[in-house]
Amino acid sequence: GKGLFTYDPGFVSTAACESKITYIDGDQGILLHGGYPIEQLADKSDYLEVCYLLLNGELPTAEQKKEFVHIIKNHTMVHEQMSHFFNGFRRDAHPMAIMVACVGALSAFYHDSLDINDAHHREVCAFRLIAKMPTLAAMSYKYSIGQPFMYPRNDLGYAENFLHMMFGTPCEEYKPNPVLAKAMDRIFVLHADHEQNASTSTVRLAGSSGANPFACISSGIAALWGPAHGGANEAVLTMLEEIGDESNIAEFVERAKDPEDPFRLMGFGHRVYRNFDPRAKVMKATCDQVLKELGIENEPLLKIAKRLEQIALEDPYFVERKLYPNVDFYSGIILKAIGIPTSMFTVIFALARTIGWISHWSEFHSSPNRIGRPRQLYTGSKKRDYPA
Ligand code: SDX
């Protein structure tokens, strides 16, 4: 308001935004979706039910859930011409590059639901994205290994269907291990939404210009790709493999503490959590459960990860800076145990976070809004004349 300090309402509207979807208390390590703690959702719910909750703000009744699952199942195939995009990529293209391209290209196929001011169109786009991300993700993996694309199967659950499209072949049906399928679904739940993180803020800002939802989600995938954000899960595995043996941990911890060394302990720290990331706790328990199920509790990488966590939680450098393991620290070990290659880890994060992105995008367009316009603090040259 007017007075000693005037402010530009436009600045306020871009600097912070209101949302009903997710609440985080970084000091207490609290994460709520529609008021429900992430620990309870991870334990009792499943990914498609959490998708319904994030889109609608309420858990579905049994009837609503049945209808929602039916709708999603009927959108899981992509237009057959989408497969031609893949032929333009080298076989060794990073799957995130393929996802940025293909998800953005979906807007070229679905002209019938691109009116961002029509609530039904917004809902159809959400259904299509939730349903098609696993299909496109699995296609990006199959393309990289020279195997044929697998069509989605409507008799399988969401996570089971994804694993079927990843590991099934026309020659042999993939029979998902229920423990691994449940772990996959739980990883999707734990990554579903996280308030105004870098990629979600990117999607909201892109959405504020009126860009179509598929282009906005593609911008979220691009922002998530960075190793400081969603790319961290891939970077954690690369770091653990580089450490190679518990005897090398101390050297890497010292490097992470050295301000001159750009190396950071991947999977540690967070912009908001100054306490344990509640998702990391669930991820750690799931990791133990999966490796026990597979009889590989002594997986060397898990031992290095646990030793690293113990050292980091005792070392004054990390304790003083409140650096705890985050959601990415254990997820990669589970994904590796399921058989998913490191190059696909961030694609899994993008697949799971799509519901968060599209829920925030829909929320933004469900009420009067203005284009986002972050302001700057100018630190450049003062006004001056061109030399005579
Ligand atoms: C995600 O925003 C979200 O919600 C993101 C996310 C989501 O669900 O969307 O939660 C997902 O992105 C999780 C974060 C994944 N990234 C990583 O694991 C990469 C490693 N982490 C760091 O790059 C870092 O911790 C960030 C990027 C996550 C946070 O960066 P900040 O906020 O700049 O770190 P900070 O302010 O907490 O740092 C305080 C100090 C600094 O040292 P000083 O200048 O005080 O001496 O801690 C240091 C930092 O240098 N520090 C680290 C460190 N993280 C911060 N030192 C060593 N190793 C680390 N991992």
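full-length UniProt numbering applies: residue 38 is where the sequence shown begins, and numbers increase by one. Here a beta-carbon is modelled for each residue, glycine too, at the ideal position from N, C-alpha and C. All values derive from a computational prediction rather than experimental measurement.
Environment of residue i [buried if 16+ CB atoms lie within 10 Å]
{"i": "CYS253", "result": "buried"}
{"i": "ALA260", "result": "buried"}
{"i": "MET187", "result": "buried"}
{"i": "CYS208", "result": "exposed"}
{"i": "PHE300", "result": "exposed"}
{"i": "LYS212", "result": "exposed"}
{"i": "ILE182", "result": "exposed"}
{"i": "THR323", "result": "buried"}
{"i": "LYS103", "result": "exposed"}
{"i": "TYR423", "result": "exposed"}
{"i": "LEU85", "result": "buried"}
{"i": "PRO189", "result": "buried"}
{"i": "PRO405", "result": "exposed"}
{"i": "GLY205", "result": "buried"}
{"i": "LEU332", "result": "The amino acid occupying residue 332 in the given sequence is Gly; Leu does not appear at that position. So GLY332 counts as exposed."}
{"i": "SER418", "result": "exposed"}
{"i": "HIS148", "result": "exposed"}
{"i": "GLY125", "result": "exposed"}
Among the options, nearest to residue i - alpha-carbon criterion
{"i": "LYS294", "options": "TYR310, ALA235, PHE355", "result": "PHE355"}
{"i": "SER238", "options": "CYS54, PRO424, ALA425", "result": "CYS54"}
{"i": "ASN198", "options": "GLY183, ALA174, ILE182", "result": "ALA174"}
{"i": "TYR361", "options": "VAL327, VAL309, ASN406, GLU279", "result": "VAL309"}
{"i": "ASP83", "options": "ALA389, HIS158, ILE395", "result": "ALA389"}
{"i": "ILE58", "options": "ALA260, THR323, HIS231, PRO189", "result": "HIS231"}
{"i": "ILE341", "options": "GLU283, GLN347, PHE313", "result": "GLU283"}
{"i": "LEU372", "options": "MET119, VAL327, LYS103", "result": "VAL327"}
{"i": "residue 427", "options": "SER399, LEU193, ALA229", "result": "Residue 427 cannot be examined here, being either before or after the span of the chain that is shown, 38 to 425."}
{"i": "LEU338", "options": "ARG412, MET276, HIS397, ALA387", "result": "MET276"}
{"i": "HIS402", "options": "THR98, TYR195, VAL240, HIS116", "result": "VAL240"}
{"i": "TRP262", "options": "ALA235, LEU242, GLU288", "result": "ALA235"}
{"i": "residue 500", "options": "MET176, ASP192, ASP222, ASN214", "result": "Given a span of 38 to 425 for the chain in the structure shown, any question on residue 500 remains unanswerable."}
{"i": "ALA248", "options": "GLN413, THR113, LEU151, SER120", "result": "LEU151"}
{"i": "GLY71", "options": "LEU414, GLY393, LEU331", "result": "GLY393"}
{"i": "ILE348", "options": "PHE382, VAL290, LEU69, ASP325", "result": "VAL290"}
{"i": "ASP222", "options": "LEU193, ALA243, SER256", "result": "LEU193"}
{"i": "ALA196", "options": "THR172, TYR180, GLU278", "result": "THR172"}
{"i": "CYS162", "options": "HIS397, ARG421, ARG412, LYS179", "result": "HIS397"}
{"i": "MET119", "options": "ALA142, ALA130, THR113", "result": "ALA142"}
{"i": "ALA265", "options": "VAL384, LEU69, HIS307, GLU330", "result": "HIS307"}
{"i": "PRO411", "options": "GLU297, ASP155, LEU242", "result": "LEU242"}
{"i": "GLN233", "options": "ARG421, ALA425, GLY63, LYS420", "result": "GLY63"}
Element boundaries [beta strand (DSSP E), containing residue i]
{"i": "ILE375", "result": "No beta strand (DSSP E) holds ILE375; the alpha helix (DSSP H) holding it covers 365-375."}
{"i": "THR113", "result": "Where THR113 is concerned, there is no enclosing beta strand (DSSP E), given that its DSSP letter is neither H nor E."}
{"i": "THR416", "result": "It is not in any beta strand (DSSP E) - THR416 carries neither H nor E in the DSSP assignment."}
{"i": "ASP62", "result": "59-62"}
Beta-carbon proximity check, residue i vs residue j, cutoff 8 Å
{"i": "PHE122", "j": "ALA138", "result": "yes"}
{"i": "GLY304", "j": "PHE225", "result": "no"}
{"i": "MET170", "j": "THR379", "result": "no"}
{"i": "ILE286", "j": "GLU336", "result": "no"}
{"i": "GLN65", "j": "ASN312", "result": "yes"}
{"i": "PRO315", "j": "ILE67", "result": "yes"}
{"i": "ILE408", "j": "SER245", "result": "yes"}
{"i": "ILE167", "j": "CYS88", "result": "yes"}
{"i": "ALA79", "j": "LEU217", "result": "no"}
{"i": "ALA317", "j": "VAL364", "result": "yes"}
{"i": "PHE105", "j": "ASN270", "result": "no"}
{"i": "MET133", "j": "ILE280", "result": "no"}
{"i": "GLY267", "j": "ALA387", "result": "yes"}
{"i": "HIS112", "j": "PHE164", "result": "yes"}
{"i": "ALA220", "j": "ILE377", "result": "no"}
Residue span of the alpha helix (DSSP H) that contains residue i, given as start and end
{"i": "LEU69", "result": "Segment 67-70 is the beta strand (DSSP E) holding LEU69; no alpha helix (DSSP H) there."}
{"i": "TYR354", "result": "353-357"}
{"i": "GLN77", "result": "75-81"}
{"i": "GLU95", "result": "Per DSSP, GLU95 belongs to no alpha helix (DSSP H) and is neither H nor E."}
{"i": "residue 36", "result": "An answer regarding residue 36 cannot be provided, because it is not within the stretch 38 to 425 covered by the chain."}
{"i": "VAL290", "result": "286-294"}
{"i": "GLN118", "result": "Unbroken run through GLN118: none, as it is neither H nor E."}
{"i": "GLY244", "result": "235-245"}
{"i": "THR172", "result": "156-182"}
{"i": "ARG390", "result": "382-402"}
{"i": "ASP325", "result": "315-330"}
{"i": "GLU197", "result": "195-204"}
{"i": "ALA265", "result": "No alpha helix (DSSP H) holds ALA265; DSSP gives it neither H nor E."}
{"i": "SER255", "result": "250-261"}
{"i": "LEU277", "result": "269-280"}
Near ligand 3: residue i beta-carbon under 7 Å from a heavy atom
{"i": "PRO296", "result": "As for ligand 3, it is missing from this structure, which binds only ligand 1."}
C-beta neighbour in chain C for residue i, strict 8 Å
{"i": "LYS81", "result": "Absent from the structure is chain C; it holds one protein chain and no more."}
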